[in-house]
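K.L.:
Structure provided below as structure tokens; questions to follow.
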Amino acid sequence: MEHSLLVWLLPTLALVAGVAIGFLLARLLPNAVPNSTQRQLDDIQERFDSYQNEVVTHFNSTASLVKKLTQSYQDVQDHLSEGANRLALDEQTRQRLLAALHADAAQTPRERLTPPKEVQEPPRDYAPKSPNSPGMLDEHYGLKK
1 MEHSLLVWLL PTLALVAGVA IGFLLARLLP NAVPNSTQRQ LDDIQERFDS YQNEVVTHFN
61 STASLVKKLT QSYQDVQDHL SEGANRLALD EQTRQRLLAA LHADAAQTPR ERLTPPKEVQ
121 EPPRDYAPKS PNSPGMLDEH YGLKK
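Mapping of the sequence shown onto the UniProt record's numbering: position 58 corresponds to residue 58, and the numbering continues sequentially without gaps.
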């Protein structure tokens with residue numbers, strides 16, 4: 001009888017002790033090992049923050065490049081204007097050169113193209129037939145008699 005009592009008592013005590021130790025460890029160390037969902041959420045948040053930083057950097061560099069491009073265009077315009085003033089032989093040539101430089105800002109609108117006045121028949125999507133011959137949908141079309 002003692003032997004059967006020990007067979008049941010030892011595993012039961014080990015189970016109770018394991019549950020108690022597990023409960024105490026779970027209460028004392030709740031944040032020691034974050035669960036996988038929290039790790040995934042932190043990873044996604046980190047990737048999103050990195051992406052946002054890349055987008056901001058991209059648009060900042062794009063704005064800087066566009067600003068440089070605008071300044072370069074203005075420098076070319078100034079250089080051409082200066083060359084027209086300095087190199088033109090007479091006042092009329094100088095005025096024509098300057099007008100050509102600034103013509104892109106004040107271009108006259110182009111005339112609209114008008115469609116032809118004669119009415120055209122739209123293209124047909126079938127083969128025309130002569131008045132007394134059978135059409136392609138006739139049951140005798142293409143058959144030899």
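All C-beta atoms, glycine included, are put in the ideal place defined by N, C-alpha and C.
(1) Cα separation between Ala26 and Glu54?
(2) In this structure, does DSSP put Leu29 in helix, strand or coil?
(3) Would you kindly check if the distance between the Cβ of Leu101 and the Cβ of Ser72 is under 8 Å?
(4) Quick check: what's the CA-CA separation for Glu91 versus Thr70?
(5) Out of curiosity, what's the CA-to-CA distance linking Ser50 and Val76?
(6) Return the chain-ordered list of same chain residues with a C-beta closer than 7 Å to the C-beta of Gly135, the five sequence neighbours on each side being excluded.
P.N.:
A quick look at the data gives this:
(1) 40 Å
(2) coil
(3) no
(4) 30 Å
(5) 39 Å
(6) Lys129, Tyr141
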